[in-house]
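In the numbering used here, the protein residues as written are 1 to 400.
Written out below as structure tokens is the structure these notes cover.
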Ligand SMILES: Cc1cc2nc3c(=O)[nH]c(=O)nc-3n(C[C@H](O)[C@H](O)[C@H](O)COP(=O)(O)OP(=O)(O)OC[C@H]3O[C@@H](n4cnc5c(N)ncnc54)[C@H](O)[C@@H]3O)c2cc1C
């Protein structure tokens, strides 16, 4: 068991807070320091693409509840800029300060991907990750733009488009894939989601890339690869996210689309360093390959395992085996996912039907169940959850 007098957590959001709470709940009595680039106490990002945009919701209502008294030193508005794994020090704010550690939790999450070469701030182009991003988008929506263009039909783009339609504004949703979300959910669910968008009055331009975006704030013109042009007074870019690992360059940690770890969430290339949340890429037993999952449940589960393992030491670590779960709300419908549909090689509708807006799709990989997605059928999921956890043999036939 390592001797840990001071543990530093970098990233003061969902994974960072939950890791810190687990450390205390598991008996850590030493010095606990939490470093966060944002100026806020940890808050929930989940409502930012949903209720926060359309309803009166205060910042206080977004704050994450505390599970225990942390007795920690919080450094808000402070950025970690480098890591020295030999001296066991984190450099803060460009090296003006150094913080020593015996144990380190990396929970720096992800940042939204931006359009290269476009001065987004000057042109009023929005992204959505932080409270500030959401407040800026909410204020812009309150001016009742005539036409909103959402670029990217993944989880956040789809939710934003749906929420903007709830405000009865005109929306076009553009995505380079012919069936956005099919990588995440398979073609049956993706086709159903595309249909819902159109049924609810969203203009969809799928299978076409954005070629250029010109104009000034309030009067933007997007040109797609097929020559089609769209004029919009508000543009939201939702092209996915990239892990916040710049500050770890040169640290010796293995970085590859996130912080690579072993199954116990110990970073490879250093001692007493664990990672959790959206930034960690770890081998998942369902597929054997390293996965990085940007879901609330994964942030909570990895934070708990990483913190407990840091206290136990690498030799006694337990592997991260929890199944990711996700709830998406689109046009008044609920889409729930469990497991890793992304790892599947086959999928099939196993209950209900897309035409009834109530169905379940099961996903298997080499004859083993790895995921299930339910549309308006939440009660059908628990047996799948258990079967996936038990690695039930299950061949669903049709190819995804
Ligand atoms: C709009 C939106 C809607 C979402 N909806 C859902 C949903 O419906 N369901 C679901 O399961 N998930 C949803 N998610 C995803 C969920 O919010 C994330 O999985 C979760 O926030 C991950 O937590 P995290 O702590 O790992 O990372 P983050 O929440 O990204 O936090 C990382 C923190 O680290 C800080 N940081 C970064 N670099 C540094 C540095 N160098 N030094 C110090 N601090 C640093 C960042 O400023 C940030 O505060 C949504 C996300 C967004 C943005």
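We put the beta carbon where it would ideally sit given N, CA and C, even for glycine.
Given this structure, state the Cα-to-Cα distance separating residue 321 from residue 133, to the nearest angstrom. 33 Å
Measuring only from the beta carbon, is residue 113 closer than 7 Å to any heavy atom that is part of ligand 1? Checking the Cβ of residue 113 against ligand 1 gives no.
Where residue 198 sits in the DSSP three-state scheme: helix
Output yes or no for whether 8 Å exceeds the beta carbon distance between residue 303 and residue 15. Yes.
How would you label residue 400, buried or exposed, when you count the other beta carbons within 10 angstroms and need 16 or more for buried? With a pLDDT of only 49 at residue 400, under 50, the local geometry of the prediction cannot be trusted, and no value is derived from it.
Skipping 5 residues on each side, what residues in its chain have a beta carbon closer than 7 Å to that of residue 114? 120, 127, 237
Same chain, Cβ closer than 8 Å to residue 198, neighbours up to 5 away in sequence not counted: So the qualifying residues of the chain are 204.
Between residue 356 and ligand 1, is there a pair consisting of the residue's CB and a ligand heavy atom that are separated by less than 7 Å? no
Coil, strand or helix - residue 300 by DSSP: helix
For residue 357, which option in 340, 213, 193, 388 has the closest C-alpha, if you only look at C-alpha atoms? Nearest Cα to residue 357 within the set 340, 213, 193, 388: 193.
For residue 247, verify whether its CB is less than 7 Å away from any heavy atom of ligand 1. yes
Check residue 312 in the structure and name its three-state DSSP category. helix
Neighbour-count burial assignment, residue 59, 16 or more Cβ in a 10 Å radius: exposed
Residue 293 - DSSP class collapsed to helix/strand/coil: coil
With a threshold of 7 Å on Cβ separation, who are the neighbours of residue 94 within its own chain once the five nearest residues in sequence on each side are excluded? If you ignore the 5 residues before and after residue 94, its C-beta comes within less than 7 Å of the C-beta of 81, all in its own chain and listed in chain order.
Going by beta-carbon coordinates alone, are residue 21 and residue 67 separated by less than 8 Å? yes
Let me know if residue 161 comes out buried or exposed under the rule of 16 or more other beta-carbons within 10 Å of its beta-carbon. Of the residues assessed, residue 161 falls on the buried side of the cut-off, its CB having 16 or more other CB atoms within 10 angstroms.
Could you check the C-alpha separation between residue 103 and residue 265 for me, to the nearest Å? Straight-line Cα distance between these residues: approximately 13 Å.
By Cβ distance, which residues of its chain are closer than 7 Å to residue 338, with the 5 residues on each side in sequence left out? Within the same chain, residue 338 has close Cβ partners 323, 325, 371, 372, 381, 384, 385, 388.
Exposure of residue 164, with buried meaning 16 or more beta-carbon neighbours within 10 Å: buried
Beta-carbon proximity check, residue 278 vs residue 109, cutoff 8 Å: yes
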